Amino acid sequence: MKYLYQDSIELPSKRDFIHDLEALLDVTAAVVPIEDEIISDNNEVEEIHRAKDMKIDGLRTFESTVTMQMNELARGGSTDEIQVCKNAITEVCASCVGQQKAKVDFESDVSLTDLAEKINLNSERICKILSPFLEFGVYGTRYVYSLGMEGKNGLHGELKADLGELSFAYELRFKNAVIVKHLVGSFAIPVPRKAGIFHSEDAVKMLDMSHHRLAGVTYSNNQVTAEFKDRRGARMVRIWMKPTTNDYSIVYGGAEPVNLTRDELISQEIDSDGILGLMQAVIGYVGDAEKREVATLVRLTFNGMNVVREPLVTDALKVMLAEYGRFANECIAHGAAKDEFVIKIESDDGTRTEKYMSTSTVKDRLLGIGKGGAELADAFGLRQAPS
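The letter at position 252 of the sequence shown is residue 375 when you use our numbering, and the numbering goes up by one with no holes.
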């Protein structure tokens, strides 16, 4: 599947921009009202703390004033009986103030507990909405997948990504171990060996890697490195590739690894197309959500602060929308109309279909969110016309 601008130039994202834009608008419309609830509840929490502090301060002032007045009344020639009464009144006052403080604390704690539960619930709702979207839906991120093998289980590791002030991370765990045969079928590479009965000579043999396990992957915007191990884990093959240029290198061996691509005798036997095909299959495997057992959003921050707890959801959305706005402008630049974004989708059989979305649709959906909609539309690049 290919994704093209209207003038048939391929999209750099290699994704269905219209579908992703619709998803971003859906996510935005879903989470902003929840964030508004969290903001309102946080304000109420602050108000409860202020009201509690005022009541406690008032009780303390009252107790102090009563004590001072009792001491003043009993000063001078007071009798023992007056002192007894003074002490009794002071004790009753202190006891009553203590009871009222406890009542204020209890009532405040009940309200704060209820609000904390509501805030936690809404925070979980936001994470549940954002989690399936962020990994593939945030355009322009710098990302790194770091995955390793856990015993005989599938790969396990994390994805870290950031875009400007926005940063997020996922824990990833794949369902099953995968071997080269699962990725590309039969596969072999040339490796060095010694030949000759009386005199050892350098030679080349083909190493069948079909049953080598994918033992580790590091994949970023600029390069991908995949490590494969045989069943015993004794022999390792590490392949590095730069996807933008298709440059690659292959390292083979155990204690003393050999760079196969630097050996003239061996490098001429390497099937470059096969290597590139294998590495593209690795990239496809890492990005295939269906192959995963776990994909958990474990961190989402804006300028180092928790996006959901602070909350800074709208700020995070502005960063995403700004990047989508940049892509939208590219669509307009490569299209015929100036009021809609158009892309072409080319299927494997060459059939092409068009998808589009008007600028007014985006504007209406963002403005319809509420009081923060204008700022979101502005982040995308759609300014409100003056009334």
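All C-beta atoms, glycine included, are put in the ideal place defined by N, C-alpha and C.
Computed from a predicted structure; not experimentally measured.
- Rounded to whole angstroms, I398 and L257 show a C-alpha spacing of 30 Å.
- Put simply, the backbone Cα of V381 is about 5 Å away from that of Y375.
- N299 has no beta-bridge partner at all, per DSSP.
- Residue ranges of uninterrupted beta strand (DSSP E) with 3 or more members, entirely inside the segment 260 to 304 and ordered along the chain, are 265 to 272, 278 to 286 and 289 to 297.
- For K365, no alpha helix (DSSP H) segment is defined; the enclosing uninterrupted segment is the beta strand (DSSP E) at M359 to K365.
- CA-CA distance, L286 to L440, rounds to 11 Å.
- In this structure R488 is buried. Its beta-carbon is surrounded by 16 or more other beta-carbon atoms within 10 angstroms.
- Here H334 is exposed. Its C-beta has fewer than 16 other C-beta atoms within 10 Å.
- When DSSP states are grouped into helix, strand and coil, F503 belongs to the helix group.
- For G493, same chain residues with a beta-carbon under 8 Å away, outside a window of 5 residues either side, are V155, P156 and D159 in chain order.
- Taking 4 residues as the shortest admissible run, the segment 414 to 461 contains the following complete alpha helix (DSSP H) segments, listed from N- to C-terminal end: 436 to 456.
- In the three-state reduction of the DSSP assignment, R336 falls in the strand class, which pools E and B.
- Taking a contact to require three or more Cβ pairs closer than 8 Å, the segment 276 to 290 and the segment 298 to 306 qualify as touching.
- With contacts defined as CB atoms closer than 8 Å, T482 and E463 qualify as a contacting pair.
- 8 Å or more divides the Cβ of V421 from the Cβ of E247.
- For M193, the three-state secondary structure derived from DSSP is helix.
- C-alpha of E170 to C-alpha of D164: approximately 10 Å in a straight line.
- Bridge partners of L383 according to DSSP: none are assigned.
- The three-state reading of DSSP puts D370 in strand, counting E and B together.
- Of the residues F310, E288 and K209, the one whose Cα lies closest to the Cα of E446 is E288.
- With contacts defined as CB atoms closer than 8 Å, I141 and K478 qualify as a contacting pair.
- DSSP, reduced to helix, strand and coil, places R183 within a helical segment of the structure shown.
- The beta carbon of A211 sits closer than 8 Å to none of the beta carbons in its chain outside the five residues before and after it.
- In terms of Cα proximity to M443, the closest of L127, G260, F310 and P366 is G260.
- Under the DSSP definition of a beta bridge, L330 partners with I312.
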